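So for the sequence shown, the working numbering puts the first residue at 6; every next one is plus one. From the three backbone atoms N, C-alpha and C, an ideal C-beta is built for every residue, glycine too. Here the structure is a predicted model, which means the values were calculated and not measured. Worksheet: one structure, shown below.
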Amino acid sequence: MKVVINGNAMELPDTVNLVSLLLEHFNLEEKVVIIEQNQQIIDKNLHAETILSDGDRIEIVHFVGGG
């Protein structure tokens, strides 16, 4: 499946068809992240239910601590 993630076109395996699986694919499942799919923020409780589709535009924002 072809998607755009943080402005970069990517080809994902067909098995990566949910937001939760996308986070696992990029080893981000343990991180605090905000996911936006086609300009809509996806609630964390819906990550396991939210289906990814060919052509989706995904933004992944994660927080970095510092001072």
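Per DSSP, cross-strand counterpart(s) of residue i
i: Leu-23; result: Ile-56
i: Asn-13; result: Ile-10
i: His-67; result: Val-38
i: Gln-45; result: Gln-42
CA-to-CA distance, residue j to residue i, given in whole angstroms
i: Arg-62; j: Asp-19; result: 16 angstroms
i: Gly-12; j: Leu-57; result: 16 angstroms
i: Lys-7; j: Val-21; result: 11 angstroms
i: Val-9; j: Glu-35; result: 22 angstroms
Reference residue i; option with closest CA among the options
i: His-67; options: Gln-44, Val-9, Ala-14, Phe-31; result: Phe-31
i: Leu-154; options: Met-15, Gln-42, Val-69, Glu-35; result: Lying before the first or after the last residue shown, residue 154 is absent from the chain, which here runs from 6 to 72.
i: Ser-25; options: Gly-71, Lys-49, Lys-7; result: Lys-49
i: Val-69; options: Val-37, Gln-44, Glu-29; result: Val-37
Supposed close pair residue i, residue j - CB separation, criterion 8 angstroms
i: His-52; j: Ile-39; result: His-52 to Ile-39, Cβ: 11 angstroms. No contact.
i: Thr-55; j: Ile-47; result: 5 angstroms
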